[in-house]
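Please read the structure below before turning to the comments.
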Amino acid sequence: MKDLVLPHKRLIDVARWCAESRSDDLTVRRAAEEKFTTSLASPGYGIALLALIASKSQDIDIKDRIHASIRFKNLLICRWPKPSAAADGPTHQMCAADRAVIKSRIVGICVAAPSDVQPQVSHALAVVSASCLLSEWDPAPLPPIFSCLSTALSRFDFKTAKCLLVTAASLMYRFRNASEPADKCDLVSCRQSFADPLLDGFLAVCNHLRTVNLATSFQPVLECLRLFCEIFHSLYLTAISSPDSASKSYMSKWTVELYKFLTTSYPVPEEANVTLCYLRTSVCDILQGFMANKCEDQFEGCLDRYVGIVEGLIIAQDDRTPSGQLTVSALRFLTMVVERKKHSIFNNSDALKRVFSCIIVPNLLLRDEDVQLFKEDWVEYIKRDKDGNAGNTTQKAVWQLLYAHVNEANEQVLALVLALVQQMIDAYTGHSDKDWRYIDAAINLAINVGALCGIDILLPELLSDNSHSSPLLKVAALKFLTKFKAQITKQNAVALLPTLVSSLKNDSSLVRLYGAACLESMLNTCYDEPDIKHISGIVVEALSTSIIFPDSYGSTTMMKCIFEVMYLAGHSQSSAKIIACLLGILNKACDNPEYPDFNNFLFEALAVAIGWVSFDRSLFHVFEQDLFPLYNRIINEGVWELWPYALQIMAEIVNLKETPLPKVYMEPFEDVILDNETWNQPAFCPALALLLRAYLQKIPPNDLVQSGQFKKLVEAFEWYFSKRGQVKIAFNIITVLIETLPNNIMVPKLPDITKALFERSKISSDIRITTSLMTFISLHMIRYSMDINELSFDQYGPFIQLLWIPCLKLIKGTREVKLVVYVSVKLICEHNVLLIDHPDINEMAGKLLNGVISVLLHTDIGADATDPDESGGFVRLTNAVMTDIDLLGTIDLKEFLVSSLAKISATSCGRFPLIIGQYLESQNKSFLDKLCQTYGCRII
Numbered sequence: 001m002k003d004l005v006l007p008h009k010r011l012i013d014v015a016r017w018c019a020e021s022r023s024d025d026l027t028v029r030r031a032a033e034e035k036f037t038t039s040l041a042s043p044g045y046g047i048a049l050l051a052l053i054a055s056k057s058q059d060i061d062i063k064d065r066i067h068a069s070i071r072f073k074n075l076l077i078c079r080w081p082k083p084s085a086a087a088d089g090p091t092h093q094m095c096a097a098d099r100a101v102i103k104s105r106i107v108g109i110c111v112a113a114p115s116d117v118q119p120q121v122s123h124a125l126a127v128v129s130a131s132c133l134l135s136e137w138d139p140a141p142l143p144p145i146f147s148c149l150s151t152a153l154s155r156f157d158f159k160t161a162k163c164l165l166v167t168a169a170s171l172m173y174r175f176r177n178a179s180e181p182a183d184k185c186d187l188v189s190c191r192q193s194f195a196d197p198l199l200d201g202f203l204a205v206c207n208h209l210r211t212v213n214l215a216t217s218f219q220p221v222l223e224c225l226r227l228f229c230e231i232f233h234s235l236y237l238t239a240i241s242s243p244d245s246a247s248k249s250y251m252s253k254w255t256v257e258l259y260k261f262l263t264t265s266y267p268v269p270e271e272a273n274v275t276l277c278y279l280r281t282s283v284c285d286i287l288q289g290f291m292a293n294k295c296e297d298q299f300e301g302c303l304d305r306y307v308g309i310v311e312g313l314i315i316a317q318d319d320r321t322p323s324g325q326l327t328v329s330a331l332r333f334l335t336m337v338v339e340r341k342k343h344s345i346f347n348n349s350d351a352l353k354r355v356f357s358c359i360i361v362p363n364l365l366l367r368d369e370d371v372q373l374f375k376e377d378w379v380e381y382i383k384r385d386k387d388g389n390a391g392n393t394t395q396k397a398v399w400q401l402l403y404a405h406v407n408e409a410n411e412q413v414l415a416l417v418l419a420l421v422q423q424m425i426d427a428y429t430g431h432s433d434k435d436w437r438y439i440d441a442a443i444n445l446a447i448n449v450g451a452l453c454g455i456d457i458l459l460p461e462l463l464s465d466n467s468h469s470s471p472l473l474k475v476a477a478l479k480f481l482t483k484f485k486a487q488i489t490k491q492n493a494v495a496l497l498p499t500l501v502s503s504l505k506n507d508s509s510l511v512r513l514y515g516a517a518c519l520e521s522m523l524n525t526c527y528d529e530p531d532i533k534h535i536s537g538i539v540v541e542a543l544s545t546s547i548i549f550p551d552s553y554g555s556t557t558m559m560k561c562i563f564e565v566m567y568l569a570g571h572s573q574s575s576a577k578i579i580a581c582l583l584g585i586l587n588k589a590c591d592n593p594e595y596p597d598f599n600n601f602l603f604e605a606l607a608v609a610i611g612w613v614s615f616d617r618s619l620f621h622v623f624e625q626d627l628f629p630l631y632n633r634i635i636n637e638g639v640w641e642l643w644p645y646a647l648q649i650m651a652e653i654v655n656l657k658e659t660p661l662p663k664v665y666m667e668p669f670e671d672v673i674l675d676n677e678t679w680n681q682p683a684f685c686p687a688l689a690l691l692l693r694a695y696l697q698k699i700p701p702n703d704l705v706q707s708g709q710f711k712k713l714v715e716a717f718e719w720y721f722s723k724r725g726q727v728k729i730a731f732n733i734i735t736v737l738i739e740t741l742p743n744n745i746m747v748p749k750l751p752d753i754t755k756a757l758f759e760r761s762k763i764s765s766d767i768r769i770t771t772s773l774m775t776f777i778s779l780h781m782i783r784y785s786m787d788i789n790e791l792s793f794d795q796y797g798p799f800i801q802l803l804w805i806p807c808l809k810l811i812k813g814t815r816e817v818k819l820v821v822y823v824s825v826k827l828i829c830e831h832n833v834l835l836i837d838h839p840d841i842n843e844m845a846g847k848l849l850n851g852v853i854s855v856l857l858h859t860d861i862g863a864d865a866t867d868p869d870e871s872g873g874f875v876r877l878t879n880a881v882m883t884d885i886d887l888l889g890t891i892d893l894k895e896f897l898v899s900s901l902a903k904i905s906a907t908s909c910g911r912f913p914l915i916i917g918q919y920l921e922s923q924n925k926s927f928l929d930k931l932c933q934t935y936g937c938r939i940i
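Below, the structure written as structure tokens:
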């Protein structure tokens, strides 16, 4: 193979970037990373990396070649075309010219690469091979590889043989994930060409293994055998493989040797132990492949023997053996045997006990690295715990084996699990400092079997408050309680409360977190208000102390637990202490407001605490004294994430304050409410509307007018209404004014406002203008009890006909729908013009009725729907007292519709049945008939 042609300077530049990216100087490292990033899409970048990998220049450090190989692999993973055309867009692919050069050189470079570099290059080669049939390579890469392999093996040159086998394995790995018919043809062609050379080479190395000097050349021989197994797996045991098509004699030659790899005891040097484990892992993967492809006949009646051998491999592993992946692969093979129902273990209780006591339980025990992870990175520990030990982990594999046994022999397994739980607790008793992992495994065994086994056995340990027991054991106990909370008796649940409270004060952040999650989950299941009331202050104080630590701040679980405890316990003697704790957390939130769920539960808890003022008025002074400074901090420092919550809480405080409001209360009104800029943020508007409503209910209307504040609010409405895209803000303001101010102040303003709205609706295509105008008309008609006939048809008739009726179905928001539907029904049944029996009038009334019924049919008026305004970060506090004013109360609009139609139809017999028959859609007719039957009304 010729060397890649690349200017020496370019090669040195890339090598320098690799060296600089490992620099201790952060500035140098960032500059190098920036150069790599800007080069990603540059033509020739991948070739430059490959040339650096292949370079034999003495100027190139091996560390730079290793670094380049990693970047080259990652580049191909991201930018080489994927096997599926839909998996990657052409704009992210490497250019065709670069791909052609890389494809023509990568095989030779992979063969010649140093051992430190070859793993990355072989991975990159597998990426290239995955997107291209082997028959499409020119020249074909495999024939020369197998030719050279034969020569190398004949000379016992296992180092060269390994390089060749690595390359061949990478090329054939494509069959592992292939699924297309063309892939299957490619596989068949590969088998036909290389099955015999593969077997011959494999047997030659096996024969050499029996004569090799184990102390000197054992490791390279094992590495070659592992690679032969990997290639065999790719050719015969994948989704598109058909192992049955291979001759039985051919397969038996492989299985004979594979069996020997598992059973032979090799006196290997310690450094070769890892390689032996890798070889046996590959063999176990092949055994899995036989089971997955339903080729159990390849075991030739000796499946029980294979199972026994694999069990022995798992049992024989110890802490000195680097056997993690071997154990995982062996466990998966046993799981597949159980799922295939091919082993006599199902009818053999002794074998089942051996599997549990010698395989499942030992592999459930926490390892030293698990304990270390718990101490050093508990966030990652939680992630793995929630993901069910995701990944190729021993614990995940052993759980899968356990589940397979439970599914096949549930009652027998449950009895065995209960016995094992007892045995492990006995092992723990009296030796808690030494063998705490046994009871941890016992608890996790009970949790994962999914049944409340051993609660009587485990309860004494769960009830104990042993400060010396392992934090991991406490976490396991808390997980057990969370899992089986519904089965725990009330007496035991109450007895467990001190343990739960103690967990909230533990030195371990993870114990505190799981303690909070456990207590929160048990609150509504196991406890009543009296159980929690006396400890609520202790719980909140413990959690608030934990939350302010850097490793716990922002924990939604802890904050939710505080809220739920407060909600269930209600007002108590500890209320003042609880409020002080909440305000301390709020002060911390002002410094770090980046946790939205945490913030939501914090302010929900504050809303609950404000509700306690009705039981103890002295608490209000606590809020006045300590909350006002925090509110001002949020507003003045622009803590935008907390603004919507703070405004709602302020509305609660204003609502509770006696009138007249002092100056300290009026300052936020002047500085926030009357400042047009504060209404600009969509997330703030609903909260500002709530605060404005609270103020307007406290400020005497005449004072509002005389001070000029009312004028400023109207001007704010007019200003926002005149701005494009700000209509909703304008209507937030005017809606609150109409809902709260008396008619002597608002009614004189309505004609001018209505006129402005009409003029705007005529020239604007924005549907929100029309729907807002409909809501505005409906709102002031209802609020001020105006007669429906005050809507003059000379002025409103064209609007109703051309805009109201077509837009009726487009109204959004529960409150808006109620208002507009109510007024629409009044128009149909009470307006003098629409009661005239005339074809044109009947058409208008029919279309309006059809729209009303469509809205009622497709809208759940009684649902707790979210206002369409409430977006962009606004979350309404469900425990706040201040809410939107519902002018219609609990009126049933469906009953109101049919009763109004029945009443008016009695005065004009026959008119409305004709309108219904002519203008209502069929589904609306059916719905109206159903409503009439439901409410006992008749339209005549």
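Here the sequence shown is numbered in full-length UniProt numbering, starting from 1 and rising by one per residue.
Backbone N, C-alpha and C define an ideal beta-carbon position, used for all residues, glycine too.
Check: Nearest-angstrom Cα separation, counted from Glu380 out to Leu691; Outcome: 42 angstroms
Check: C-alpha distance - Pro806 paired with Cys829, whole-angstrom precision; Outcome: 19 angstroms
Check: Contact check, Leu741 vs Leu779, beta carbons under 7 angstroms; Outcome: no
Check: Inter-residue Cα distance where the pair is Lys809 and Asn850; Outcome: 10 angstroms
Check: Through-space distance from Tyr631 to Tyr665, alpha-carbon basis; Outcome: 12 angstroms
Check: Closest Cα partner of Thr255 within the set Leu303, Ala272, Leu504 and Pro269; Outcome: Leu303
Check: Burial state of Phe194 (16 or more Cβ within 10 Å); Outcome: buried
Check: Which listed residue (Phe218, Asn207, Leu203 and Lys728) has its alpha carbon closest to that of Phe232; Outcome: Leu203
Check: Start-to-end residues for the alpha helix (DSSP H) that takes in Glu624; Outcome: Ser618 to Asn636
Check: Extent of the continuous alpha helix (DSSP H) run through Lys930; Outcome: Ser922 to Tyr935
Check: Buried or exposed (CB count within 10 angstroms, at least 16 for buried), Trp643; Outcome: buried
Check: Exposure label - Cys284; buried when at least 16 CB within 10 Å; Outcome: buried
Check: Residue from Ile653, Arg724, Asn676 and Gln681 whose Cα sits closest to the Cα of residue 955; Outcome: Any question about residue 955 goes unanswered here, given that the chain covers just 1 to 940.
Check: Beta-carbon gap between Glu529 and Leu568 smaller than 7 angstroms; Outcome: yes
Check: For Tyr266, the first and last residue of its enclosing alpha helix (DSSP H); Outcome: Per DSSP, Tyr266 belongs to no alpha helix (DSSP H) and is neither H nor E.
Check: Cβ-Cβ distance between Val328 and Ala397 below 7 angstroms; Outcome: yes
Check: Bounding residues of the alpha helix (DSSP H) (the contiguous stretch that carries Gly44); Outcome: Premise fails: Gly44 is in no alpha helix (DSSP H) and is neither H nor E.
Check: Alpha-carbon to alpha-carbon, Ser21 and Arg30; Outcome: 7 angstroms
Check: DSSP-derived helix/strand/coil call for Arg210; Outcome: coil
Check: Rounded C-alpha distance that separates Lys533 from Arg71; Outcome: 60 angstroms
Check: Alpha-carbon spacing of Leu313 relative to Thr264, whole angstroms; Outcome: 11 angstroms
Check: Burial state of Asn444 (16 or more Cβ within 10 Å); Outcome: buried
Check: Residue environment, Arg305, which counts as buried when at least 16 other CB atoms sit within 10 Å; Outcome: exposed
Check: Cβ-Cβ distance between Ser131 and Pro81 below 7 angstroms; Outcome: yes
Check: As assigned by DSSP and simplified to three states, the class of residue 976; Outcome: Here the chain has residues from 1 to 940 only, and residue 976 is not among them.
Check: Reduced DSSP secondary structure (H/G/I, E/B, other) of Thr754; Outcome: helix
Check: Distance between beta carbons of Gly289 and Leu237, contact taken as under 8 angstroms; Outcome: 3 angstroms
Check: Member of Asp703, Leu713 and Val736 whose CA lies at the smallest distance from the CA of Ala689; Outcome: Val736
Check: Member of Leu704, Phe717, Asn655 and Asn599 whose CA lies at the smallest distance from the CA of Ala694; Outcome: Asn655
Check: Distance cut-off 6 angstroms: Leu496 Cβ against heavy atoms of the ligand NAP; Outcome: Absence of the ligand NAP is noted for the structure shown, with no ligands found whatsoever.
Check: Rounded C-alpha distance that separates Glu270 from Arg280; Outcome: 16 angstroms
Check: Beta-carbon separation (whole angstroms), Arg10 vs Ala48, contact threshold 8 angstroms; Outcome: 6 angstroms
Check: Val823 beta carbon less than 7 angstroms from that of Ser900; Outcome: no
Check: With 16 other Cβ atoms within 10 Å as the buried cut-off, status of Leu848; Outcome: buried
Check: Three-way DSSP call (helix, strand, coil) for Ser854 in this model; Outcome: helix
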